[in-house]
Amino acid sequence: MEDHNEETEDKDEELLDPAKKKSFIEIVVPVLTLMTIVNCVVILVLVMNIGRKVNGLEQRMILLQDNAAASVAAVQDSELPETSEALEVSDIDGNIVDASEAADIVEAAALEDTHKWAGRDDSSAGIRRVYLTFDDGPSSNTERILDILDQYGVKATFFVVGKEGYADQYRRIVDDGHTLAMHSYSHKYSEIYASLDAYREDLAKLHDFLYELTGEDCNIVRFPGGSSNTISRVDMWELINDLNRQNMIYFDWNVSSGDATGSRISADQIAKNVLDSIGQFNNAVVLFHDAAGKDSTVDALPAIIEKILESDNTVLLPIVEDTVRVQHLHE
Ligand SMILES: [Zn+2]
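Numbers 12 to 342, taken from the numbering used here, label the letters of the sequence shown in order.
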């Protein structure tokens with residue numbers, strides 16, 4: 012019996028062994044499989060995250076490029092190159108500027124498009140006065156702007172810069188009865204806002220240049236970037252006080268057409284920006300830009316002028332000395 016028992020136990024052990032092996036395999040295989048699956052999932056998640064991050068970065072790059080491209084002044088509409096040249100910024104003459112001036116141009120353009128005016132002294136005798144103003148000209152668009160104004164018999168204000176080769180345009184602005192006003196000769200932020208003397212010199216140069224060409228003794232001024240600009244290295248009050256001493260009057264704006272930051276804004280959007288905002292003011296000074304590439308500004312003018320002319324108790328006027336002072340900085 013004992014023998015049999017031993018035999019049985021042996022057999023049992025023999026029988027047990029494969030069972031043990033089986034259970035070992037039964038445990039290890041699923042564990043290994045599970046670990047493999049977990050690893051795969053982890054790797055998949057990592058890959059997806061990296062993909063997403065790369066995608067996000069690409070989109071941010073595209074956004075950055077778009078923003079930079081939109082800030083390029085005086086560049087033809089659809090002809091922006093896809094390369095790093097899209098990041099280059101041109102000045103009002105279409106010349107590519109250095110990084111510091113480029114940053115100033117982009118900053119000023121953003122300010123010009125977004126400034127909100129507090130509305131001091133916005134008095135009116137029941138009549139809304141609208142002043143169309145054009146900065147940075149003359150340009151290849153000046154004649155078209157003048158033709159449209161002429162067509163509607165409307166007078167406007169041109170805050171011009173100093174440019175060779177545009178004598179006819181400066182003269183026509185005056186001959187057509189518009190206000191020839193001063194913006195800056197060079198319009199180079201880093202130069203004009205380096206010191207009071209630099210600003211005075213630039214403005215005197217523009218004044219004399221315009222006097223030579225047209226015989227006009229201009230005394231109405233708009234600071235590049237507005238009096239509220241954040242670019243000037245000189246306290247803007249120093250410049251304002253100096254203008255006051257010279258009996259010059261500066262004007263900012265309270266309605267922006269939104270055409271400063273790029274040439275891609277549509278004519279419809281420009282017209283909407285202007286017409287939606289004019290109603291907030293009794294004296295609405297509207298900021299446009301007369302610059303190469305800003306064709307949608309010109310295209311928007313007929314609709315804007317027609318709508319204003321249709322409005323009751325509303326007049327379109329050029330800025331003159333006794334126009335209500337629309338100024339961003341005031342005491
Ligand atoms: Zn300007």
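Virtual Cβ for every residue (Gly too), placed ideally from N, Cα, C.
Run through the DSSP bridge pairs and tell me what residue i is partnered with.
i: I184; result: Answer is none; I184 lacks a bridge partner.
i: M193; result: V171, V232
i: V309; result: For V309, which the question treats as bridged, DSSP gives no partner whatsoever.
i: V296; result: Y142
i: I107; result: S101
i: S267; result: L298
i: Y261; result: V232
Do you know how far the Cα of residue j is from the Cα of residue i?
i: Y200; j: N293; result: 32 Å
i: A209; j: Q257; result: 16 Å
i: P235; j: E154; result: 22 Å
i: E96; j: A114; result: Reliability of the predicted coordinates at E96 is poor, the pLDDT of 41 falling under 50, and no value is obtained from them.
i: H341; j: W248; result: 9 Å
i: A278; j: I316; result: 13 Å
i: T325; j: I203; result: 37 Å
i: L320; j: L327; result: 8 Å
i: D253; j: L214; result: 11 Å
i: S239; j: N50; result: 59 Å
i: K134; j: H300; result: Sequence check: residue 134 is Ser here, not Lys. Approximately 26 Å, taken between the alpha carbons.
i: G176; j: S206; result: 29 Å
i: S243; j: D270; result: 22 Å
i: N152; j: D102; result: 16 Å
i: V172; j: S150; result: 10 Å
i: I116; j: E123; result: 10 Å
Go to residue i, then tell me how far its alpha helix (DSSP H) extends in each direction, as first and last residue.
i: A110; result: 110-125
i: A302; result: Element bounds for A302: n/a, residue is neither H nor E.
i: L214; result: 207-225
i: Q338; result: No alpha helix (DSSP H) contains Q338, which DSSP labels as neither H nor E.
i: L254; result: 247-256
i: S201; result: 200-203
i: T153; result: 153-163
i: Q280; result: 278-289
Which residues bound the beta strand (DSSP E) around residue i?
i: Y142; result: 139-146
i: S322; result: No beta strand (DSSP E) holds S322; DSSP gives it neither H nor E.
Just to confirm before moving on: does the CB-CB distance between residue i and residue j stay below 7 Å?
i: K127; j: P329; result: no
i: T190; j: L298; result: no
i: D147; j: A302; result: yes
i: A192; j: I231; result: yes
i: W264; j: V296; result: yes
i: H198; j: R233; result: no
i: I107; j: E118; result: no
i: I281; j: S267; result: no
i: A178; j: L224; result: yes
i: F169; j: I184; result: yes
i: F262; j: V337; result: yes
i: K174; j: Y196; result: no
i: T272; j: A120; result: yes
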